[in-house]
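Protein chains: 8
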Amino acid sequence: MEKRNKGALVSVVMGSDSDLEIVEDALEILKDFKIPYEVRIISAHRSPDEAIEFAKRAKERGVKVIIAAAGGAAHLPGVIAANTELPVIGIPVETEALKGMDSLLSIVQMPAGVPVGTMALGKAGAKNSALYALRILALEDKELNSQVIKYKEKMRKMVKDKDREVSRKYSFYSHE
Amino acid sequence: MEKRNKGALVSVVMGSDSDLEIVEDALEILKDFKIPYEVRIISAHRSPDEAIEFAKRAKERGVKVIIAAAGGAAHLPGVIAANTELPVIGIPVETEALKGMDSLLSIVQMPAGVPVGTMALGKAGAKNSALYALRILALEDKELNSQVIKYKEKMRKMVKDKDREVSRKYSFYSHE
Amino acid sequence: MEKRNKGALVSVVMGSDSDLEIVEDALEILKDFKIPYEVRIISAHRSPDEAIEFAKRAKERGVKVIIAAAGGAAHLPGVIAANTELPVIGIPVETEALKGMDSLLSIVQMPAGVPVGTMALGKAGAKNSALYALRILALEDKELNSQVIKYKEKMRKMVKDKDREVSRKYSFYSHE
Amino acid sequence: MEKRNKGALVSVVMGSDSDLEIVEDALEILKDFKIPYEVRIISAHRSPDEAIEFAKRAKERGVKVIIAAAGGAAHLPGVIAANTELPVIGIPVETEALKGMDSLLSIVQMPAGVPVGTMALGKAGAKNSALYALRILALEDKELNSQVIKYKEKMRKMVKDKDREVSRKYSFYSHE
Amino acid sequence: MEKRNKGALVSVVMGSDSDLEIVEDALEILKDFKIPYEVRIISAHRSPDEAIEFAKRAKERGVKVIIAAAGGAAHLPGVIAANTELPVIGIPVETEALKGMDSLLSIVQMPAGVPVGTMALGKAGAKNSALYALRILALEDKELNSQVIKYKEKMRKMVKDKDREVSRKYSFYSHE
Amino acid sequence: MEKRNKGALVSVVMGSDSDLEIVEDALEILKDFKIPYEVRIISAHRSPDEAIEFAKRAKERGVKVIIAAAGGAAHLPGVIAANTELPVIGIPVETEALKGMDSLLSIVQMPAGVPVGTMALGKAGAKNSALYALRILALEDKELNSQVIKYKEKMRKMVKDKDREVSRKYSFYSHE
Amino acid sequence: MEKRNKGALVSVVMGSDSDLEIVEDALEILKDFKIPYEVRIISAHRSPDEAIEFAKRAKERGVKVIIAAAGGAAHLPGVIAANTELPVIGIPVETEALKGMDSLLSIVQMPAGVPVGTMALGKAGAKNSALYALRILALEDKELNSQVIKYKEKMRKMVKDKDREVSRKYSFYSHE
Amino acid sequence: MEKRNKGALVSVVMGSDSDLEIVEDALEILKDFKIPYEVRIISAHRSPDEAIEFAKRAKERGVKVIIAAAGGAAHLPGVIAANTELPVIGIPVETEALKGMDSLLSIVQMPAGVPVGTMALGKAGAKNSALYALRILALEDKELNSQVIKYKEKMRKMVKDKDREVSRKYSFYSHE
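Chains as they are written, first to last, in the numbering used here: chain A, 1 to 176; chain B, 1 to 176; chain C, 1 to 176; chain D, 1 to 176; chain E, 1 to 176; chain F, 1 to 176; chain G, 1 to 176; chain H, 1 to 176.
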C-alpha cells in the first residue's frame, strides 16, 4: 500500500474524514502553489500499524513534510514524528467539550527528543500548516520562494486596500 | 428494590434521565456484545441512601462492572466507588458553562484509596466506558475476548477503507 | 525480549525512570497484595517499536492489566491501549509548566474506540492505579476480593481513629 | 458515637488531619467569638458510612452550621449537604498539581437541589468560613451580631492605620 | 428609597434585568415556600452609592439573607458583603466569552475578612441560592425546616420513580 | 499615507474588518462625545511595515490615544505600543476555539517596559475602550470631563429606574 | 483625611501593605521621572467607605491617574473606577492557589460602562502601570514626553548591547 | 550590524539573556551536529526596529531556520515570522504567574497567513526546536539525515537499556 502516491511532497494525514473540512484550506493553498500532496486517513489508535508503516515509509516515497491533524487526546502527529525523521506539522482540531485545549496540549507538549511543529487550533492552523510546509520546501526552491514572497505581498496589499476603504467609510472628523 | 435486575453484569448509572442520550452508544455496544446490563437513575445528592444501598448490593447481585455518568460537581462515580469493591468507570458529562471541566476534575481527581477509571468527556467517553467494561469482562471470557479483537479489527478496516477512498479522491499529483 | 517476565499479572510501564518515584506506592500495594508485576521503561516516542511490541505481546505473556504512567503530551497509555485488548490504566504525571493538565487531557480524552481508565494526577493516581488493578483482578479471585474489602475496612478504621483523636484534641465547648 | 459532642454549634469537618493547618484560623475565630465547635475527621470516600451518619445526626445534636474542607475530587461538603438540611459551608483545599481548581469546581458546581456555600481556596476561605458561620448564627443572636460589627470595625481600623503609616512613609511629593 | 419593601426576608439583587431569567427559579422556590422577598436591580459599578446604601440598610429593613447574582468582573456580592453583616449568597452568571469562569472567580475568591457563600454557575446556582437561604432561615423556624425536609424527600421520590421507569425500559437481560 | 486623517484624536485600529462589528459601540460613543477618530485596518502580521509606520507617525499626526482590537495571538496592541509613546488601549477579541483566552493573555501579559491598557473581552471591552479614552482626554478638557460625569450619572439613573420597575413587578410580600 | 497629600499626580493604591513589594518598581519609576505620587492602603472589602471617599475626592485633590493593585476577587480597581472619572490602571497581583488568574479576570473583565486599564500580572504589570501613567501624563507635558522617549531609547540600547555581547559569546560558526 | 554572523544556518533569538538557560540544550545539540548558529538578543517590544531588520535580512545572510524563544505576551516569533519567509520555530518560555500558558497561546495561536512552528514549553521545547531545525536542514543534506537517524537510534537504545535495568531491579514475581 505504501508504495502508491509516488510524487507527493506533502502528506496531509488525519484520523477521520470528518476533519477534511478543517484541512481544506491547506489543500487549496498547496494546490495553488502546485505542490503535489496526498491526503490520508490514518488513526494512531484505530489503525496503529498503518500509522507506523506510513510514517516509516514516508521519506523513501519522496514525501518531505507531513501535516497531521488530530483532536482530543491527539496522538497522531506525535506517533508519526516518532517513526520518521521528516519534519511533522501538527494541527490541533477543536473538540466539542474542551474546545481543542486537549488537542493543543496533546500535540504541542511533546517530550524532548521528538518535535512536532504545532500550528493554531482549527482552520487558521490548517491554513498555516500549508504555508509552513511551503516555507520549508522553499528553502531549496528559488521559484517557490518567490511565490511565497508574492503571497505575503498579496496579503499585505489586501490589508492596505481594506484599510483605505474602512478608513474612508468609518472615520469621523467633525470636531467642535 | 436492590433484589431485582438479577443477571446484569454491567450496571449503567446516572443522576438524571437527561443523561440517557449521552450513554446510549454505551448501551448499544453492550447489547451488540450480548452483555446483560441494567440502567439506573440514582443521584449521589438527591437520593443518597439509594446510591449507597445500590453500591453496597451491586456485587452480590452479580454485577461485575459499574459505569457511572455525572456532570458538574460529579460525585456519583466516587460515592459508588467508596461503597463497593467492584471496578467503577466514570463518564464526565459536558456542562453548559464550564464545558465539563468541572465534571472531569470531580471524577478523575479521586484521592488515594478509592479509584475511578475515568473516560473522556461526553459521548466518546460513554462509548469507551462500554468498551472498557468489555476489556475487563473479557479477561475471563475467551469468547468475549475474540469479539473484542474482531471489533478492533473492524474499526481498523473502516479506517483503511476510508483511507483508500479519501486518498484517491483528494490527493493531488500534477507537479511541474 | 518480550518472552521474559513470565508470571507478571500487572505490567507497570512508564516512559522514563524518573517516573519511578511517582509509581512506587503502586508497586508497594501490588507487592503487599502479592500480585506479581513487572516494571518496564518504554517510550511511545523514543522507543515506539518496543511500545507496540510490548502491547501486542502482553496478553499472551499472561499480563491481565497494564498500568501506564506518562507526562506532557502523554501518548503511552493510548498507544498501548491501541495495540492490546487488555484493560489499560493511565496515570497522568505532573509536569513542571502546566502542572499535569497536559498529561491529564492527553490521557483521558481518548477518542471513541480505544479506552484508557484514567486515574488522578501524580502519586494519588499511581496508588489508585494499583487499587483499580486489584478491583479488576478480584472479580475472579475470591481471596483477593476479601483482601480488598479488608483494605477498605482498614482505611475506614484509620479515619475513625483519627477522628476520635482530633475531635478530642481540637473541639471547643465552653459556650456562654 | 454521634451522641457525643453535645453543645457544638458549628461542626468543622475535614477528610484528613493534614487539613488541620488550613482550618486553624477558622477555629481561632470561632473560639474568639466563644462559639462552641467540634472538629471532625470524616471522609466521603474512606469512611462513607460515618460521613452519612454524621450528616444525618448533626441537627439533632444541636449543630447549626457545618463547615467542610476537602481537596481534589472534593465530595465531602456535597455528600454532607445531601444528608442534612443544615447550611453547609465548603472550603476548597489547594492541591499540588491543579492548585485547587479541582477542589473548587468539585465543591461549588453542585447540581440544583443541594446547595453548598463555597468559600475561597485555602486559608482565606477557611477564615471566611468561620466568619460566614458567625453571620448566620448572628441572625438570631443580637450579642453575636454586635461582635460581628465590632470585628468588621476592627478590620477597617487596621486598614486605616496601615494607610496612614504607609502613606506617610512611601509617598513622594518633590515635583518640579 | 431604602425604607420601602418592608417585610422581605430575602433580597435578590442583580446588576441588570437581563439576569432576571437566571434567577427566576430562585424566585419561584422562595414563593413556593412563602418567603417574602424583594427583587432589586443594583450595580456595584454603575450605581455604586445605591449598592452601598442598600447593603447598609438591609438588616434594619428586616432582610435576613441577601442573594446577589453577577457576571464578568462580578463585584456585586463582594461589595454588598463588605457593607452588611448579613449572610450574602453569590450566584456567578455565565458570560459569553469566558463561560462564567471570570464570574465564578470574582465572587468565590473573596479575601479573608469578607465571606460570600458562592453557588454554582447559572441556573443551578440560582436555584440553590434559594434553597441555601431556606436552610439558613429554617434554623430558627421549625415549620420551614419541615418544609425543607419534605422538599428533599420529594426530590428523592422523583429520582426513585424515574429510576424504576428507566430501569424497566432500558435494561437488557438476554444473556447467552 | 500616514499624512491623512489629520484631526483624529483617537485612532481605532484592528487587524481585519471582521472586527468592525466588535468595535462599533466604541465608535458610537466617541461620536456621541464628538471626539474625532479614524478607523484603521492594520495587521501586525500581514502588514507589519504599515503597523510600525502607523505607530511611529500617530503622535505627530495629532492622535492622543490608540485603541487596538485583536484576536488569537493578538500582537497588534503590543507592536503598536512598542513603536509609539502614546497610551495604547487593547481590546481582546473573542476567538472561536479558545473563547478569547488566547487574545486576552497575548495582550495583557506585556513584558515590563511596554504597557498596554487592556479592556474586557469583546463588546464590553470595546465600549469601555472608548470610555477609557474619554477619561484620558478629559484630564485636560473640562467640558469633556463634565460630559463624562453626566454619562456616569445617566447610567446610574437608568439602573435606578430599572430597579424601581423590577422591584415593583417581581417582589413578593404575602408572608404567612 | 482626604485633604492631605496635595500635590500627588498619581495615586498608587493597594489593599494591603503586603503588596508594597509588588509595586516598588512602579514607585521607583515615578520617582525617577519626578512625578509626585501618594501611596495608599485602602480595601474595597475591609474599608469600603474609605475606598469610595478616596475615589470620589481624588480628582479634586489634583490626582490625574490612579494605579490600583489587588489580588484574588480583586474588586479594588473596579470599585475605584466606579467612583471617579479619572483613568484607573489595574495591577492583578499573583495569588497562591490560582496564580493570579482570579485577580486578572476580576480586574480586566469589567462590564460595559466602567473601564479599568489592566496591566500584566505581578511585577511586570506594576512596572508597566507607572510607564502607562507616564504616557498619559506626557500627553500634555512635552518635557515628560521627551523623557519617555529617552527611556524607550535606553531600553533599546540595553537590548542592543546585550545582543552584541551574547552574539559574540554564544554563536558558533565552525561548519564543515 | 546585520552583515556580521555570515555562515550561521540557524539563528537562535530571544528577548532577554535570562532565556539563555532555557535554550542552552538547543545550542548544545546544534553544536553536536556541527550546525553553525548565531545567538541573538532581540526584543519585539524593546528593540522593535532591530527585530524587523533582523527578520528581513536573515535569509540573505544565509540563515535557513530561525528559532525564537519568548515568554508572556510572547510576540517575538510572530513578529519575526511576519517579516521573513524562512520557517520560524517558537519556544514558549514558562512564566512565573501563568506558568507559560500565556507564552504558549501568544505563540501558537497565530492567525491564518503567518505560521510559527510551536514547540513545547520550556527546556523540552528548546531541545526539540534544535531537533526540528535539524529535520528541516536534513531534507537536503544526506549526511545530516543519517546523523538524525543515528540520534533517534541512540535515544531508543538508551530507553531499551534503562528498560532492562529497571525491569530486572523492580519487577516482582513471587506469586502464590
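Heads up, the beta-carbon is just placed ideally off N, CA and C, and yes, glycines get one too.
Just to check, is the beta-carbon of residue i closer than 6 Å to a non-hydrogen atom of the ligand HEM?
i      : result
I42(A) : Ligands are entirely absent from the displayed structure, and the ligand HEM is therefore not among its contents.
Flag this pair as yes or no: are the beta carbons of residue i and residue j separated by less than 7 Å?
i       : j       : result
V166(F) : D49(E)  : no
A82(H)  : M110(A) : no
E94(A)  : G122(A) : yes
D32(C)  : K127(C) : no
K99(G)  : A97(H)  : yes
V39(E)  : V79(E)  : no
M155(D) : G113(E) : yes
I89(D)  : Y132(D) : yes
I29(E)  : A130(E) : yes
E85(D)  : V148(E) : yes
Please look up how many angstroms separate the CB atoms of residue i and residue j, rounded, as I've assumed it's under 8 Å.
i       : j      : result
G15(F)  : A44(F) : 7 Å
V10(A)  : I91(A) : Contact flag wrong, Cβ pair sits at about 13 Å.
K162(D) : I41(G) : 4 Å
Would you verify that the beta carbon of residue i is, or is not, closer than 7 Å to some beta carbon of chain D?
i       : result
I182(E) : Any answer about residue 182(E) is impossible in this case: the structure gives chain E only from 1 up to 176.
Determine, using beta carbons only, whether residue i comes closer than 7 Å to chain A.
i       : result
V177(H) : Because residue 177(H) is not part of the residues shown, which for chain H are 1 to 176, the question remains open.
S16(B)  : no
E60(H)  : no
Flag residue i as yes if its beta-carbon sits less than 7 Å from any beta-carbon of chain G, otherwise no.
i       : result
K160(F) : no
L121(D) : yes
T118(F) : yes
R46(H)  : yes
S178(H) : Any question about residue 178(H) goes unanswered here, given that chain H covers just 1 to 176.
K99(D)  : yes
E94(H)  : no
Please confirm if residue i has its CB atom under 7 Å from at least one CB of chain C.
i       : result
G71(H)  : no
A124(B) : yes
Can you find a C-beta in chain B that's less than 7 Å from the C-beta of residue i?
i       : result
Y37(A)  : yes
D163(E) : yes
K157(C) : no
F33(E)  : no
P111(D) : yes
Y170(E) : yes
I want to see whether chain J comes within less than 7 Å of residue i, judged by CB atoms only; does it?
i       : result
Q147(D) : Among the protein chains in the structure shown, which are A, B, C, D, E, F, G and H, there is no chain J.
Is there a Cβ from chain F that is less than 7 Å from the Cβ of residue i?
i      : result
K64(A) : no
A68(G) : no
E2(H)  : Caution applies to E2(H), whose pLDDT of 49 falls short of 50 and renders its modelled position unreliable; the value that the coordinates give is listed next. Answer no: the Cβ-Cβ gap between E2(H) and chain F never drops below 7 Å.
Buried or exposed: which applies to residue i, given that a residue is buried once 16 or more other Cβ atoms fall within 10 Å of its Cβ?
i       : result
I52(A)  : buried
K169(G) : exposed
S174(D) : exposed
S106(B) : buried
S196(C) : In the structure as shown, chain C starts at 1 and stops at 176, and residue 196(C) therefore has no counterpart that could be examined.
S146(E) : exposed
So that I know if they touch, is there some Cβ in chain H lying closer than 7 Å to that of residue i?
i      : result
I41(C) : yes
Which residues, in chain order, does the segment 74-89 of chain E contribute to contact with chain D at a C-beta distance below 7 Å? E85, L86, P87, I89
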